[in-house]
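Please read the structure below before turning to the comments.
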Amino acid sequence: MRRSSSARHGSTRPSRGSSAKGVANDQGDGGKAREGVRAHRNGGRQGQGREEVVVEDQERAVDDDASRRHHRPLRLHRDRGGAEPRRRRAPGHRRDRRHRRRDAHDDLHRGLHRLSVRALVLGGTEFIGVHLVRALTRAGHEVAVFNRGRRNERLPDGVKTIVGDRKDHAGVKRILAGVRADALVDVTYAPTTGEDVEAVLDALDGRVGHALFVSTCRVYDHALPIPYDEATPRSLYWGEYAKHKIAGEDAVLRRHRERGWPVTIVRPTHVYGPMNTRNNETFVFDRLLRGRPVLLPGDGRWLRQFGHVEDLADAMVALLGRREAFGEAYNVTGEETVTQAGFVELIADVIKRPVELVPVTAAPGSPAVPFGQNLAYDCHAVHTTAKVRALGVRPAYTLAAGLAQTFDWYVREGLDRRDVDFSADDLFLSRAR
Numbered sequence: 038m039r040r041s042s043s044a045r046h047g048s049t050r051p052s053r054g055s056s057a058k059g060v061a062n063d064q065g066d067g068g069k070a071r072e073g074v075r076a077h078r079n080g081g082r083q084g085q086g087r088e089e090v091v092v093e094d095q096e097r098a099v100d101d102d103a104s105r106r107h108h109r110p111l112r113l114h115r116d117r118g119g120a121e122p123r124r125r126r127a128p129g130h131r132r133d134r135r136h137r138r139r140d141a142h143d144d145l146h147r148g149l150h151r152l153s154v155r156a157l158v159l160g161g162t163e164f165i166g167v168h169l170v171r172a173l174t175r176a177g178h179e180v181a182v183f184n185r186g187r188r189n190e191r192l193p194d195g196v197k198t199i200v201g202d203r204k205d206h207a208g209v210k211r212i213l214a215g216v217r218a219d220a221l222v223d224v225t226y227a228p229t230t231g232e233d234v235e236a237v238l239d240a241l242d243g244r245v246g247h248a249l250f251v252s253t254c255r256v257y258d259h260a261l262p263i264p265y266d267e268a269t270p271r272s273l274y275w276g277e278y279a280k281h282k283i284a285g286e287d288a289v290l291r292r293h294r295e296r297g298w299p300v301t302i303v304r305p306t307h308v309y310g311p312m313n314t315r316n317n318e319t320f321v322f323d324r325l326l327r328g329r330p331v332l333l334p335g336d337g338r339w340l341r342q343f344g345h346v347e348d349l350a351d352a353m354v355a356l357l358g359r360r361e362a363f364g365e366a367y368n369v370t371g372e373e374t375v376t377q378a379g380f381v382e383l384i385a386d387v388i389k390r391p392v393e394l395v396p397v398t399a400a401p402g403s404p405a406v407p408f409g410q411n412l413a414y415d416c417h418a419v420h421t422t423a424k425v426r427a428l429g430v431r432p433a434y435t436l437a438a439g440l441a442q443t444f445d446w447y448v449r450e451g452l453d454r455r456d457v458d459f460s461a462d463d464l465f466l467s468r469a470r
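The numbering used here applies: residue 38 is where the sequence shown begins, and numbers increase by one.
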């Protein structure tokens, strides 16, 4: 059966009494004198003039006095054999460390929300990470990223890169040995295990202010009634992805409980927007622009909730340094819900294209119906954002406005002219006829 639509979007606000079960198919050597510390300027339109710092074997990478650290740019220091040696102050100087013993975390997060922070972002070269770094720099914060050094041309000018592999725990400890940061944001995707998170926290112990871990709303048990709030029990409903995110959450929350670290958990839902690495909204763009029907898994009635990537990035920046956010977890997403069918219909309205929806049910044991990269699962996914809204954090984009902005990016990047493989669609369509 086929149905055409361009008006109704299936948008709704579900009640807590609704429930559903389902199975998802898911989200240096720089010379002997410097002993592996190198700095150079990268070119490129976006990253021209951006300094990349490759740190491979150092005793101290970034090390300012805590009393001065909120007012100076992040710099590399070497105690010997390297650039920018620290000036020693006379004993008894008012900034002499021996006279400024304080609790490390109190000192590091003091004034975070009032002054420009120095933020260390783990990742920063993919979808959410790039938008986060841009949001931090727009807010006037000094930013360094720790990653494998790939695709850094996307980063704004002035962002420093510390090159390393977080899977190499010994290397992480060595490379980050002298790094200090007012804020740490872990936005790396998969496969990041709990042990990987622990390794970074160990490497930065006592030298980071507020640690923010980007998790996912897929840590919740989606067999429970909707909507899901932050107190909803976590489970392995979503398999290995949920397992690793739960382990990462536990690692940072354990630091808060046992040692008083200021930490915050952010749980996004389906994130969309420019540079999305998930083929969800672009999946629909591809088909509508070419006049092709869009397959629906079943009747397309399952509810979804989308959050724009810029709203997510701005929310994370807004949470940094908020004492009331320490030790807390927050759902961060858009405030609208929409069915799978309604999502397609809304996009059709936004880009002004007709739409033909073809409901299809996959036979047991057969491949899933092609519907985005991770939108075909048969259960509701609706989450309340009341907790983060209580802090004054709300999205700027409506779903329609965000999709329009994303479509503009899609066309601007020439993705509307790319080759797309529709063979899986054609297989299901042949069976539906």
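Cβ atoms here follow ideal geometry from the backbone N, Cα and C, with glycine treated the same way.
Keep in mind it's a predicted model, so treat the numbers as computed, not measured.
Per-residue DSSP class, three states only, for residue i
i    : result
L332 : strand
H259 : coil
L340 : strand
G161 : coil
G246 : strand
D458 : coil
R324 : helix
A385 : helix
R294 : helix
Y414 : coil
Separation of residue j from residue i, as counted between CA atoms
i    : j    : result
V167 : H420 : 25 Å
V406 : L326 : 20 Å
E277 : V256 : 10 Å
T314 : A214 : 32 Å
L440 : V354 : 23 Å
E295 : H206 : 22 Å
V425 : N316 : 28 Å
V369 : Y265 : 12 Å
G409 : F320 : 5 Å
D389 : A362 : Before going on, a small fix: residue 389 reads as Lys here, not Asp. In a straight line, the C-alpha of K389 is about 42 Å away from that of A362.
R217 : G285 : 21 Å
P228 : N184 : 14 Å
Enclosing beta strand (DSSP E) for residue i [first to last residue]
i    : result
F183 : 179-184
D219 : 218-223
V230 : With the sequence shown as reference, residue 230 is identified as Thr, and Val is not the correct amino acid for it. Looking at the DSSP string, T230 is not in any beta strand (DSSP E), and its letter there is neither H nor E.
Per DSSP, cross-strand counterpart(s) of residue i
i    : result
V303 : V251, Y367
H345 : Y309
H420 : Y265
K197 : A181
T376 : L340
A156 : V180, A220
R271 : Y257
Buried/exposed call for residue i, threshold 16 Cβ in 10 Å
i    : result
P533 : Because the chain spans 38 through 470 in this model, residue 533 falls outside it and cannot be assessed.
L249 : buried
D462 : buried
R175 : exposed
L349 : buried
T269 : buried
R468 : exposed
T435 : exposed
Contact with chain B by residue i, beta-carbon distance below 8 Å
i    : result
R175 : Included in the structure is just one protein chain, with no chain B present.
Host alpha helix (DSSP H) of residue i (start-end)
i    : result
T3   : As displayed, the chain neither begins before 38 nor continues past 470, which places residue 3 out of reach and without an answer.
K210 : 206-212
Any non-hydrogen atom of the ligand SAM closer than 7 Å to residue i Cβ
i    : result
A423 : This structure simply doesn't include the ligand SAM, nor any ligand for that matter.
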